[in-house]
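When the count follows my numbering, it moves up by one through the first sequence with no breaks and lands on 418 for the last residue. Glycine is no exception: its CB is placed at the ideal position from the N, C-alpha and C atoms. Beneath this line is the structure, given in structure tokens, with notes to follow.
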Amino acid sequence: MAFQTEIVKWYLNHKRDLPWRGTTDAYVIWLSEIILQQTRVEQGLPYFNRFLENYPTVTAFAAATETQILKLWQGLGYYSRGRNMLYTAKQIQEVYDGKFPTKYDDLIRLKGIGDYTAAAISSFSSNEMKAVLDGNVFRVLSRYFGIETPINSPAGKKQFIELAQNLIAGQEPSVYNQAIMEFGALHCKPKSPACESCPVQSDCFARKNDLVNMLPVKEKKLKKRTRYFNYLVCFNGDEILVNKRNPGDIWQELYDFPLIETDDNYLEAQEQFLTILKNNFGDTCTITPLEQKKHLLTHQTIYVQFFALDNYIINFNQNAEIKWVSLSELDELPQPKVITNFISSYSVN
DNA sequence: CAATCGTGGTT
DNA sequence: TAACCAAGATT
Numbered sequence: 070m071a072f073q074t075e076i077v078k079w080y081l082n083h084k085r086d087l088p089w090r091g092t093t094d095a096y097v098i099w100l101s102e103i104i105l106q107q108t109r110v111e112q113g114l115p116y117f118n119r120f121l122e123n124y125p126t127v128t129a130f131a132a133a134t135e136t137q138i139l140k141l142w143q144g145l146g147y148y149s150r151g152r153n154m155l156y157t158a159k160q161i162q163e164v165y166d167g168k169f170p171t172k173y174d175d176l177i178r179l180k181g182i183g184d185y186t187a188a189a190i191s192s193f194s195s196n197e198m199k200a201v202l203d204g205n206v207f208r209v210l211s212r213y214f215g216i217e218t219p220i221n222s223p224a225g226k227k228q229f230i231e232l233a234q235n236l237i238a239g240q241e242p243s244v245y246n247q248a249i250m251e252f253g254a255l256h257c258k259p260k261s262p263a264c265e266s267c268p269v270q271s272d273c274f275a276r277k278n279d280l281v282n283m284l285p286v287k288e289k290k291l292k293k294r295t296r297y298f299n300y301l302v303c304f305n306g307d308e309i310l311v312n313k314r315n316p317g318d319i320w321q322e323l324y325d326f327p328l329i330e331t332d333d334n335y336l337e338a339q340e341q342f343l344t345i346l347k348n349n350f351g352d353t354c355t356i357t358p359l360e361q362k363k364h365l366l367t368h369q370t371i372y373v374q375f376f377a378l379d380n381y382i383i384n385f386n387q388n389a390e391i392k393w394v395s396l397s398e399l400d401e402l403p404q405p406k407v408i409t410n411f412i413s414s415y416s417v418n
């Protein structure tokens, strides 16, 4: 039996019951696909439900504010996804009169929708013959066909998309695309895949040549940088000073606290840090170390030190970036995880 | 086009 | 524990 037939057959017997399956509503599919980019199903699922409940249609989504969207997105990461969704929803409301496109060529032009997502939405919503190529598909195809081209190289992507597009011919696009992804996610997993019970093991190149743990090949070019964030927790009565983060760095448009970034840990760079502090907040300011956290991102390791800052001179003007808000107002603002965690632990104590 | 964008789970 | 990975996209 052909590879595709076996995969589809496996899928029909093993597929998870997920809320975005069984609909052809391109808006709902778009919602799920953006949320699931680089995100586990279990992590994205509650976000999908909340978004669909708050914004049942693209028209409702388009009427939201960026703060509302980012607040709902809070904790999910890769926040540009949320910002791009709002931009795209507004565009669909205006250009497409609120009717979500279902064709690849229309979808691929929208912000936040790349090759994978355009193929997914078009095939799931209108059965367009476009093969999806995500991490699961890369893994399944590289193992079954024994392809050693690095999947994160331009040549690799070209080679795999050509193969994937050939394989989908003659299949029902909506079912086959979901089948191969689900097979990769549940069966042909990155570590210890279930080869013994695999429906295509007899023809799998990696299985036959003992290369299962070698494929897919991925060039590793991850450089991590280390940063030291010194957050200043400033209270004035019931209000706390917050900072809206700027473009060009992590957590764009999210809110944290006034920040002094240093080249080293505060404990190893006290003089430098205190000089900066006195220069910015006056000689009378006093500072008390609070908690310290190590926060891991894909490309950064951030050592976060919180300080209580008192007796400072309020010498910065409130502006779009830095302002006083009450704690209840802060609760409505989107925050990076490290800030949310600090606030929740702080308000308990 | 190589680097960058979060958070959480797994090994 | 450090590295890898997760329904990738953008610049």
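Note the first and the last residue of the continuous alpha helix (DSSP H) segment covering residue 169.
No alpha helix (DSSP H) holds residue 169; DSSP gives it neither H nor E.
Please report the straight-line C-alpha distance between residue 84 and residue 334, rounded to a whole angstrom.
Each residue's alpha carbon lies about 49 angstroms from the other.
Can you tell me which of 355, 244, 97, 326 puts its alpha carbon nearest to the alpha carbon of residue 411?
When each option's Cα is compared against that of residue 411, the closest is 326.
Would DSSP call residue 256 helix, strand or coil?
Residue state, collapsed to three classes: coil.
Given this structure, state the Cα-to-Cα distance separating residue 150 from residue 354, to the nearest angstrom.
Going by the C-alpha atoms only, they are around 40 angstroms apart.
For residue 184, which residues of its own chain have a beta-carbon under 8 angstroms away from its beta-carbon, when the five flanking residues on both sides are left out?
Counting only Cβ-Cβ distances below 8 angstroms, and skipping sequence neighbours, we find 177, 202, 230.
From what residue to what residue does the alpha helix (DSSP H) around residue 348 run?
Its alpha helix (DSSP H) spans residues 339-350.
Roughly how many angstroms separate the alpha carbons of residue 226 and residue 220, rounded to a whole number?
So the two alpha carbons sit approximately 6 angstroms from each other.
Roughly how many angstroms lie between the CA atoms of residue 301 and residue 375, to the nearest whole one?
Going by the C-alpha atoms only, they are around 6 angstroms apart.
Output the distance between the C-alpha atoms of residue 344 and residue 87, rounded to the nearest integer angstrom.
Cα to Cα, the separation comes out at about 55 angstroms.
Pull up the DSSP beta-bridge partners for residue 364, would you.
Its beta-bridge partners are 371.
When the Cα atoms are used, what is the spatial distance from residue 285 to residue 104?
The alpha-carbon atoms of residue 285 and residue 104 are separated by roughly 25 angstroms.
Label residue 95 either buried or exposed according to how many other C-beta atoms from any shown protein chain fall within 10 Å of its C-beta, with 16 as the threshold for buried.
Answer is buried; the Cβ neighbour count reaches 16.
List in chain order: all unbroken alpha helix (DSSP H) runs of 4+ residues lying wholly within the region 242-288.
Counting whole runs of 4 or more residues, the region 242-288 contains the alpha helix (DSSP H) stretches 242-255, 274-277.
For residue 230, list the residues DSSP reports as bridge partners.
Paired residue(s): none; residue 230 is not in a bridge.
Would you be able to state if there are at least three C-beta pairs under 8 angstroms between the region 304-321 and the region 238-248?
Contact fails: fewer than three Cβ-Cβ distances are below 8 angstroms.
Can you look up residue 128 in the DSSP assignment and give me helix, strand or coil?
Three-state result, residue 128: helix.
Could you spell out the range, first to last residue, of the beta strand (DSSP E) harbouring residue 319?
Note, residue 319: premise wrong, no beta strand (DSSP E); not H, not E.
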